[in-house]
Amino acid sequence: MHGPFKTALVAISLLMAPAAIAQTSPGPAAAPEAAPEAATPEKPRFTQDSMNVYRRFEPGLTPRMVTFYGEALGLKPLQPIQLNASQQMILFGIGTGQIKLAAGLKEGRLHHVGSPADATGIRLFALRYPDEAALTARFKAAGFPAPAFKDMGGGLRGALVSDPAGFGIQLVIDPQARPGVDVGINVSDIERSRAFYRSFVGLEELPSVEDRLLGVTKYPFRHGETTISLWSAGKDLPADTGSAGIQYVIGNVDGVNAAAMRDKVTVEEPLGGLPNFSIRFVWLNDPDGVTNYFAQPGANERPAAGR
């Protein structure tokens, strides 16, 4: 499945997991599905050459968030998804992936805004641009302060800013910039987190790099246009598990769920689907509680044994 219909299904599922349905609709949520007995543990089989990422924030900040991501950052607005009378998913395209804005905080998740070193969890999205002057002009035109760029070495310049909800955005000026997102995660145990993204998620591990702007050593893991960069600024920090998350579009959600059961990965939302929509998903957590959300469009039926 390709095109807008697939995008809509994946976007809808981001907010409308079983827990979200329970918060916004009367009556009990549908019982989660059990993994089929025949499911064999597998690493994800990615069907999109990037990951999607999302932000959660207080609803009152929505207008400024849209201005920031659309006008200041210059991301491509996509058709929003109206989930119900009061919920809308706002989508911005970047390469083959998306940054999704989801107004409203999810019950049971922790939020800790501040600097990248203040908490564990996803602390920033890093975006690359070829033209510093053009980016600075967009920020000013959108009503935001001009970013303060510094030398990062290797011919790069960078600045740290925050979106209107206080989440970090790292701006990197790179003459060879290509579309994509670098997801920055501060972790409590670097080796444990490296093992999770390498062995369970199956991302390509790249050589470590020094980030002069953050003052940390990053351990990057890549899938297509998207990179997850891990660093550790301490073991006993507060956790932020609700401000942002990662979504993978895959073709084998049952196999990933079976692997999660085998490896005792924390399940945030169990394997399930949406009534009347051809999609199934499971929400898992990395060792620090970061949402790793696996979605399989075009999969509204459980596979039969042996298939």
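Per the working numbering, the very first residue in the sequence shown carries number 2; after that it's consecutive. Cβ atoms here follow ideal geometry from the backbone N, Cα and C, with glycine treated the same way.
When burial is assigned at 16 or more other CB atoms within 10 Å of the CB, is residue i buried or exposed?
i, result
"Glu-269", "buried"
"Thr-121", "buried"
"Asp-255", "buried"
"Ala-296", "buried"
"Thr-267", "exposed"
"Thr-242", "buried"
"Gln-80", "exposed"
"Gly-28", "Reliability of the predicted coordinates at Gly-28 is poor, the pLDDT of 44 falling under 50, and the value obtained from them is presented with this limitation in mind. Answer is exposed; the Cβ neighbour count stays below 16."
"Pro-208", "exposed"
"Gly-155", "exposed"
"Ile-22", "Bear in mind that the predicted position of Ile-22 carries a pLDDT of just 40, short of 50, making it unreliable; the figure below should be weighed with that in mind. So Ile-22 ends up on the buried side."
"Arg-56", "buried"
"Ala-149", "exposed"
"Gly-159", "buried"
"Arg-179", "exposed"
"Lys-236", "exposed"
"Gly-181", "buried"
"Ala-138", "exposed"
"Thr-228", "buried"
"Pro-117", "buried"
"Thr-41", "exposed"
"Lys-77", "exposed"
"Lys-141", "exposed"
For residue i, which of helix, strand or coil comes out of DSSP?
i, result
"Leu-136", "helix"
"Asp-289", "coil"
"Val-266", "coil"
"Arg-65", "helix"
"Ala-178", "coil"
"Pro-60", "helix"
"Val-173", "strand"
"Pro-29", "A caution first: Pro-29 carries a pLDDT of 47, below 50, which makes its placement in the model unreliable, though a value can still be read off. Correct three-state label for Pro-29: coil."
"Asn-258", "helix"
"Gly-98", "strand"
"Gly-71", "helix"
"Gly-273", "strand"
"Val-54", "strand"
"Ala-23", "Low confidence applies here, because Ala-23 scores a pLDDT of 38, under 50, leaving its location unreliable; read the following figure in that light. In the structure shown, Ala-23 sits in a helix (DSSP, three-state: H, G or I)."
"Pro-78", "strand"
"Ala-92", "First, the amino acid is wrong: residue 92 is Leu here, not Ala. Reduced to three states, the DSSP call for Leu-92 is strand."
"Gln-49", "coil"
"Ser-87", "coil"
"Thr-121", "strand"
"Ser-116", "coil"
"Pro-298", "strand"
"Ala-103", "strand"
"Arg-281", "strand"
"Pro-37", "Confidence is the limiting factor: at Pro-37 the pLDDT is only 49, short of 50, which leaves the residue's position unreliable and the question unanswerable from this model."
Cα-Cα, which of the options is closest to residue i?
i, options, result
"Pro-288", "Asn-253, Thr-228, Val-188", "Val-188"
"Ala-240", "Asp-190, Tyr-294, Asn-253, Lys-219", "Asp-190"
"Pro-64", "Gln-99, Ala-104, Asn-85", "Ala-104"
"Ser-194", "Pro-117, Leu-231, Ala-160", "Leu-231"
"Gly-185", "Leu-238, Ile-123, Asn-253", "Ile-123"
"Ser-163", "Met-66, Trp-284, Asn-293", "Met-66"
"Lys-44", "Pro-271, Val-250, Gly-273, Thr-97", "Val-250"
"Gly-96", "Ser-244, Asp-50, Pro-60", "Asp-50"
Could you check whether the Cβ of residue i sits closer than 8 Å to any Cβ belonging to chain E?
i, result
"Met-90", "In summary, chain E is missing from the structure at hand, where a single protein chain is found."
*So does the stretch 213–222 actually touch the stretch 261–281, counting three or more Cβ pairs closer than 8 Å?*
no
_I'd like to know if the stretch 265–285 and the stretch 162–174 are in contact, where contact means that at least 3 CB-CB pairs between them fall below 8 Å._
no
*On the three-pair Cβ rule with 8 Å, is the stretch 193–213 touching the stretch 130–144?*
no
*List in chain order: all unbroken beta strand (DSSP E) runs of 3+ residues lying wholly within the stretch 123–167.*
151–154, 157–163
*Within the stretch 182–255, note down every full beta strand (DSSP E) run reaching 3 residues or more, in order along the chain.*
183–187, 210–212, 217–224, 227–232, 245–250
*Are the stretch 73–93 and the stretch 110–119 touching, with three or more C-beta to C-beta distances below 8 Å?*
no
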